[in-house]
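Here the sequence shown is numbered in this note's numbering, starting from -4 and rising by one per residue.
Have a look at the structure below before the remarks.
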Amino acid sequence: MFEHIRGRMALSISLIALLVVTGCLPDTERTGARRVDIGEPPTTAPHTDLDNRLFPGFEVASEVRIDSTPFAIGDTFVGSVFPHEGNSQLSFYGFNATGTIWRVDTNPSCVGTVPIRVGDEAAIVILDSDARKDGRGKVSTTVATAFSAADAKPLWGPTEVPGPSPGSGLIFANTPKALTNERTPATLLDAASGVVVGEPAGMALYEHHGTALQGTAESFTAIDTSSGDTLWSSTQLSPGFIDVNAGSSARYDGDYGPATGNILILNWTDSAGQSVAVLHDFRTGAALGQVDGIPSGEATVDDATQTVLLTSQRANGAYRITAVRAGKGVIWTKDSDSPAATTAAGAGVAYARVDGQSVKIDLQSGKTLTSGEYALPIAVLPDGTALFPTNQDGTYAVAHTAGSP
């Protein structure tokens, strides 16, 4: 499961601040993003007692101390540790319930990751930078390399890019503008090969697993990044059965972003002149349904089932969680009188805050399986292993289901 969250697929605020300040301009020569020996692992035996706050069926397997907010890619959690105690590199670690399984080091002056799939393999793209002197002072080159999420085996790259990704897929732009809502010229990479996609017909707006949206907010096309073929254009779109103004056209505003999996949320206009958020299949452009209300938080994506969870606030002030799946449409909704939020999804369930309670929801039916005053996980693996925050900053509990090895 990929957690694009919210920053989940994103870096912590402290990492973003570092990126903005440095602008990817390191003071040393590039050593390269590469797999290295794990050394002292960030995962240890558990010291924090969380068992009485966990959903029934979980038990803590280990703790991990990490500087960024970890997220899930495939069967692995990923987090990073700042340079410390003589280590001048930024270290990314992959871990699960068995412990730390790999480490990739990179130059700390230019930070960034993107979760992707290379064919059927879950992978993580890690940025690195290189400073050189050419008589005019420092020049920075930023490169992207894809590593397997399972074992950190290099899959492609390094490919030169102009800067980090704003979290909207394999789209890279100069900093600090890449960290704002302002659209800037960017480089788009193909997920399968890491090669730069040829000059686009417009600005790259969003990319997910080899499908990219390019153009402007009002006029855009979807392309296959491997073949370059156009899949559909905004002029061909229909809102389906959703009632909109006859002269209305779709607009892409990046709602619920930066990442919404294989679902696009496009805004149309109804007969009263109000915006209507219509859900579209990213690959085909087909209309799947609509989201009632305005965005309230970022999407939660379960990559294994291709389910996207969207939380909105309705006109009556209540909140709604909408679960949508490409090829299926809206599969369920769940309402809440108080602010609602989803935190993680995987292994057939979703975790959320609904009506002031922590809830575990069946991802297929939307049925509440468990509710109460429980800690909510921030990420979940396909085998059900979950990552929970603790009362210690930078420390997370790795919990597996009772009886798991």
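Where a beta carbon is used, it is the ideal one built from N, C-alpha and C, also for glycine.
Predicted model, so just to flag it, every value in this text is computed and none were measured.
Proximity winner among the options, relative to residue i (alpha-carbon distances)
i      : options                        : result
Arg320 : Arg309, Ser331, Gln308, Leu304 : Leu304
Gly379 : Phe50, Ser353, Arg29, Gly34    : Phe50
Gly343 : Asp350, Gln352, Lys362         : Lys362
Glu34  : Thr71, Asp100, Pro161          : It is Gly, not Glu, that sits at residue 34 in the sequence shown. Of Thr71, Asp100, Pro161, the residue nearest in Cα terms is Asp100.
Thr64  : Val349, Arg246, Pro253, Ile373 : Ile373
Asp297 : Asp330, Ala254, Asn262, Thr264 : Ala254
Thr385 : Arg48, Asp32, Pro36            : Arg48
Leu150 : Val286, Gly164, Val120         : Val120
Trp97  : Ser83, Pro36, Pro103, Gln285   : Pro36
Gly114 : Gly322, Ala186, Ser366         : Ala186
Val55  : Asp250, Gln387, Phe383, Asp388 : Phe383
Met198 : Phe215, Ser188, Leu184         : Phe215
Pro310 : Ala299, Asp330, Thr302, Gly322 : At residue 310 the sequence reads Ala, which differs from the Pro that was named. Ala310 has its Cα closest to that of Asp330, out of Ala299, Asp330, Thr302, Gly322.
Backbone secondary structure at residue i - three-state DSSP
i      : result
Asn386 : coil
Asn47  : helix
Thr101 : strand
Thr337 : strand
Ser143 : strand
Gln84  : coil
Ser222 : coil
Gln231 : helix
His204 : coil
Ser63  : coil
Leu283 : strand
Glu35  : coil
Ser57  : strand
Asp252 : Sequence check: residue 252 is Gly here, not Asp. Coil at Gly252, not helix or strand.
Gly162 : coil
Asn409 : Nothing can be reported for residue 409: it is not among the residues displayed for the chain, which extend from -4 to 400.
Ala392 : strand
Bounding residues of the beta strand (DSSP E) (the contiguous stretch that carries residue i)
i      : result
Asp357 : 352 to 357
Val239 : Where Val239 is concerned, there is no enclosing beta strand (DSSP E), given that its DSSP letter is neither H nor E.
Asp191 : Strictly speaking, residue 191 in this sequence is Val, with Asp absent from that position. Unbroken run through Val191: none, as it is neither H nor E.
Ile68  : 66 to 68
Lys329 : 324 to 331
Gly74  : 71 to 76
Pro153 : 149 to 156
Ser214 : It is not in any beta strand (DSSP E) - Ser214 carries neither H nor E in the DSSP assignment.
His275 : 270 to 276
Tyr346 : 344 to 349
Gln301 : Premise fails: Gln301 is in no beta strand (DSSP E) and is neither H nor E.
Ser472 : Any property of residue 472 remains undetermined from this structure, which presents the chain solely from -4 to 400.
Ile111 : 108 to 113
Ile260 : 258 to 264
Ser366 : 363 to 367
Arg29  : 29 to 31
Ala318 : 314 to 320
Pair within 7 Å by beta-carbon distance, residue i and residue j
i      : j      : result
Thr279 : Ser291 : no
Val76  : Asp62  : yes
Trp327 : Ala335 : no
Arg30  : Ala147 : yes
Leu371 : Ser353 : yes
Pro159 : Gly107 : yes
Trp227 : Ala241 : no
Ala282 : Pro234 : yes
Thr136 : Leu122 : no
Pro157 : Thr182 : yes
Gly288 : Gln308 : yes
Rounded straight-line distance, which links the Cα of residue j to that of residue i
i      : j      : result
Gly256 : Ala92  : 26 Å
Ala339 : Phe142 : 23 Å
Val59  : Phe87  : 13 Å
Asp46  : Val239 : 50 Å
Leu274 : Asp248 : 13 Å
Ala397 : Ser57  : 13 Å
Asp70  : Phe90  : 9 Å
Ala168 : Ser221 : 20 Å
Arg315 : Arg348 : 11 Å
Pro161 : Asp276 : 22 Å
Ser270 : His42  : 50 Å
Ala313 : Gly52  : 31 Å
Gly351 : Leu261 : 30 Å
His203 : Tyr391 : 28 Å
Phe66  : Thr211 : 30 Å
Asp125 : Glu155 : 10 Å
Arg25  : Asn82  : A caution first: Arg25 carries a pLDDT of 47, below 50, which makes its placement in the model too unreliable to give a value.
Ser266 : Asp44  : 56 Å
Glu213 : Thr140 : 33 Å
Thr295 : Gly324 : 16 Å
Leu208 : Leu184 : 12 Å
Pro110 : Ile166 : 12 Å
Ser104 : His79  : 14 Å
Thr230 : Ser243 : 11 Å
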